[in-house]
Structure formats: structure tokens, C-alpha cells
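> Residue numbering for the sequence shown follows numbering that gives the first Met the number 0, starting at 0 and increasing by one per position. From the three backbone atoms N, C-alpha and C, an ideal C-beta is built for every residue, glycine too.
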Amino acid sequence: MHLAVSLDIASATGRAGLPFGEIEAFVRKAETAGIEMVMISDSLPDGERSTSPFEATTLVAALATVTEKIGLVAAASTVAHQPYNLARRFASLDIISHGRAGWNATMTQAPDEADNFSRPEEFSDDDFRRRAEEYIAVVRRLWNGWDSDALLFDKSGGRFHDPEKMHLLDHKGEFFSVRGPLNVARSPQHTPVLVLSGLSEADFDIAARTADVIVCDEWPAAESKARYDDFRRRVSMCGSEPDTLKVLTCILLPSEGITGLADRLEEQFRAKSCDGFNIVMSPEPAVLDDFVHRVLPELRRRGLFRENHVGTTLRAHLGLASGGDR
């Protein structure tokens, strides 16, 4: 069972948000507990609709310097960022974190997002979907623009890189024109982990072709099982092994208690309706303490959750191959 935690920073009781020191303490406690990754949400500064007082990738960069094992996944909008800058930012984050970075690309538009980025109106659903798919493809190809041994830094011989191991993108598509390559070396995971969320059924094929992790809302048991089997079928039809995609179900953890939660997670996991869970919780220390001290030991006792992190990268934690293989 893979476990992630989604941290809704702005939901702290009686406060607009948490200072960095408290966020750091929360993430370090999750790391010590063996949780595999923490997901940091992000949204535009739209008052009550904002879920964090911090820009997510900046927060992840800071958290990377005070943690050693836990994966760090930041949400970043495909509307608010150009693909080249976003690819460069996450490649840098992966280097800073020694291979623990991930990008959560949501397949839904944030409310009023267009107003802040020089657009008179939102994209239509179809245009947004086609644009997001092209955007993700550009980012993934930019991440693979350098072979792992392409950069030589040979001052005496005057060779910065091996030209045979540099791959220009030269992308000219419907929405973007990007030459490449990145001016950042290949990352420790080869590519950061790509997480897709906010999916509608029309997005399922895109996810099967591109995603490493899909985060889904909780559905009734039979529907969750059918959805999980459908994702694995679509991945196989793309020519990849089904296990190259991990599906996590979101579980909202109430602040008032977690009675019965271990049974609920076990039932869904053993029904093969997902590969694990994304536990959505408010950043109250008592909420995380309850989960760490009451739920995790019970999951371990039942043989459902490992004691320690596997490997040093987020891909290793999740049992994923090196990026770029799909």
C-alpha cells in the first residue's frame, strides 16, 4: 500500500495559514512515519479559494533542504506557467531534493485563472484538454532532452557536452512552440514523477499515456474497482506494463477522529481498487499524530504498509521505473 498526505495549509483552525516552521515540522513527522510523499496544493491568490499562502514549488524547494527521504509533490498550473519554465523548475527541484520531486498537474481549470494571465476568458473544456496534453508532452520531452552522461564539463578539451547525447525538441504544436533543450542537467530520477488529478473520463487516455500516478476521488467500491481495472487496461493498450501507473484514492481525514479508518483502507486495498491512498488532512498536529500513532501501526500489523522508505528517490518509493521509459 502506497501512502501520500495532501496538506491543506490554509485549513489550519483559526488562522489564514501556517508559518514555514510548522509546515516543516509536519512534513518531517510524516517522513519519520514512513509516508512516501506529501502533496502541496497551490492556487491563485483568490481570497477564500486560495489553499496556500505559499507558491507550491518554492515551498517544496525549502522543504527539500530540511528532509531526506519523503517525496515532495507540488501542484503547478498549466495556465499559469509556460512549459519550458515549469520543466526547468521541476528538473531543478529534483536535483535539489536528490530525486524526490513530483509535479501534480490538475486537469481542471482554476476559477477565474484566465483573468490573471492576460486571457479574456477561460479555455473551453475541449481546448483546455488538448492544450494540457500538449503541455505535458512538451514538459516530459524537455526532461528527456539530455542523456544522463551528456554533460562533460571538459574545460581542457573545450567540451561542455556530447552533442550526440543532447536532443533538441523543436516542438511546433497547436498551442506551443518550444525548441529546447533545458539548460538544466537530467534529473536524478531521469524525470520527476508526474501526478495527474482532477480527471474526467475524457482524460483517462491522456493519463494512461503519460502519468506515473493518478489521484482520484473516493467512489463506491464497485465503481472504484471498475475504474482501477479500466486504467490498467488503458495502460496495457498503450504498450506499457499496468504497474507503471499507480492509482491513489483520496481519503478525507476528519479532524474530529479516525475511528475505523484502518478497516476502510484495508477493505479498499484488498479489493484491488487502488494502489494506495492520498490522505487529505488539515495541518493540525493532533490529526497527523492520530494517523501516525493509531492507523499506521495497525496497517503494519496487518502487513499492508512497510516500515521504511524504499530507496532514495520518489520513484523508488512508489516502485516506478526511471522516468522516460513509457
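Give, in chain order, every unbroken run of the beta strand (DSSP E) that is at least 3 residues long and sits entirely within the stretch 208 to 251.
With a minimum length of 3 residues, the continuous beta strand (DSSP E) runs that stay inside the stretch 208 to 251 are 212 to 215, 245 to 251.
> How close, in whole Å, do the beta carbons of Arg88 and Ile69 come, if the pair is a contact with beta carbons under 8 Å?
Arg88 to Ile69, Cβ: 19 Å. No contact.
> Near Asp146, what residues of its chain come up, given a Cβ to Cβ distance below 6 Å and the 5 sequence neighbours on each side ignored?
Excluding sequence neighbours, Asp146 sits near Lys164.
> Please report the residue range of the beta strand (DSSP E) in which Trp102 lies.
Residues 100 to 105.
> How big is the Cα-Cα spacing for Ser223 and Ser155?
Spanning the two alpha carbons is a distance of roughly 59 Å.
> Any contact between the stretch 215 to 235 and the stretch 179 to 194? By contact I mean 3 or more CB pairs, one from each, below 8 Å.
Because the criterion of three Cβ pairs below 8 Å is not met, the stretch 215 to 235 and the stretch 179 to 194 do not touch.
> Return the bridge partner residues of Ala368 from the DSSP annotation.
Nothing can be reported for residue 368: it is not among the residues displayed for the chain, which extend from 0 to 325.
> Express the C-alpha separation of Val65 and Val59 in angstroms, rounding to a whole number.
The straight-line gap from Cα to Cα measures roughly 10 Å.
> Does the stretch 242 to 249 come into contact with the stretch 282 to 300, if we say contact requires no fewer than three beta-carbon pairs (one atom in each stretch) closer than 8 Å?
Result no; under three Cβ-Cβ pairs closer than 8 Å.
> Would you identify the three-state DSSP class for His308, choosing helix, strand or coil?
His308: coil per DSSP, three-state reduction.
> Looking only at its chain, what residues have a beta carbon closer than 7 Å to the beta carbon of Gly46, apart from the 5 residues adjacent to it on each side?
Only weak support is given to the placement of Gly46: the predicted model assigns it a pLDDT of 39, under 50, and the question is left unresolved by the model.
> Within the same chain, show all residues whose beta-carbon is closer than 8 Å to that of Leu264, passing over the 5 residues directly before and after it, in chain order.
These residues qualify, in order along the chain: Met0, Ile250, Phe276, Val294, Leu298, Leu303.
> Helix, strand or coil, according to DSSP, for Ser91 in the structure here?
It is helical.
> Which term fits Pro18, buried or exposed, when burial requires 16 or more other beta carbons within 10 angstroms of its beta carbon?
Exposed: under 16 other Cβ atoms inside 10 Å.
> What whole-angstrom Cβ distance do Ala207 and Val138 have, given they're in contact under 8 Å?
Not a contact, Cβ separation roughly 17 Å.
> Whose CA, out of Ser196, Arg305, Met36, lies closest to the CA of Leu71?
Comparing Cα-Cα distances from Leu71 to each of Ser196, Arg305, Met36, the minimum goes to Met36.
> Whole angstroms are fine: how far does the CA of Arg300 sit from the CA of Arg128?
The alpha-carbon atoms of Arg128 and Arg300 are separated by roughly 43 Å.
> Give the DSSP-derived three-state secondary structure of Gly70 in the structure shown.
Reduced to three states, the DSSP call for Gly70 is strand.
> Compare the beta carbon distance of Ala113 and Glu121 with 8 Å and say whether it is the shorter of the two.
Closer than 8 Å, so yes.
> Would you list the residues sitting across from Trp145 in a DSSP beta bridge?
Note: Trp145 sits in a beta bridge opposite Met165.
> Rounding to the nearest angstrom, what Cα-Cα distance links Ser235 and Leu244 in this structure?
Using only the alpha carbons, I get a separation of about 10 Å.
> So for Val291, helix, strand or coil by DSSP?
In this structure, Val291 counts as helix in the three-state DSSP scheme.
> Does DSSP put Leu193 in a helix, a strand or coil?
Note: Leu193 maps to strand in three-state DSSP.
> Could you tell me the alpha carbon to alpha carbon distance between Ile22 and Leu313, rounded to whole angstroms?
Approximately 20 Å between the Cα atoms of the pair.
> On the CB-based measure, 16 or more other CB atoms within 10 Å of its CB, does Pro253 come out buried or exposed?
Classification for Pro253: exposed.
> Can you tell me which of the three DSSP states Lys171 falls into?
Residue state, collapsed to three classes: strand.
> Apart from the five residues just before and just after Arg178, which ones in its own chain have a Cβ nearer than 7 Å to its Cβ?
Cβ within range, chain order: Leu167, Leu168, Asp169.
> Applying the criterion that 16 or more other CB atoms from any shown protein chain within 10 Å of the CB defines a buried residue, is Pro296 buried or exposed?
It counts as exposed.
> Under 8 Å, do Leu2 and Pro282 count as touching if we go by C-beta distance?
Contact flag unset, no.
> If you check the beta carbons only, do Ala55 and Phe116 fall under 8 Å apart?
No, the pair does not count as a contact, with Cβ atoms beyond the cut-off.
> Straight-line CA distance for Asp148 to Ser76?
If you take the alpha carbons of Asp148 and Ser76, they lie about 31 Å apart.
> Is it right to say Glu306 is buried, meaning 16 or more other beta carbons lie within 10 angstroms of its own, or is it exposed?
Glu306 is exposed by the Cβ-count criterion.
> Which whole-angstrom value is the C-beta distance of Asp211 and Leu141, which I expect to be below 8 Å?
At roughly 16 Å, the Cβ-Cβ gap does not stay under 8 Å, so Asp211 and Leu141 are not in contact.
> Find out if the Cβ-Cβ distance for the pair Ser196, Asn103 is shorter than 8 Å.
Result yes, Cβ atoms of Ser196 and Asn103 sit closer than 8 Å.
> My understanding is that Leu181 touches Gly238, with C-beta atoms under 8 Å, so please give their C-beta distance in whole angstroms.
Actually they do not touch by this definition, with Cβ atoms about 26 Å apart.
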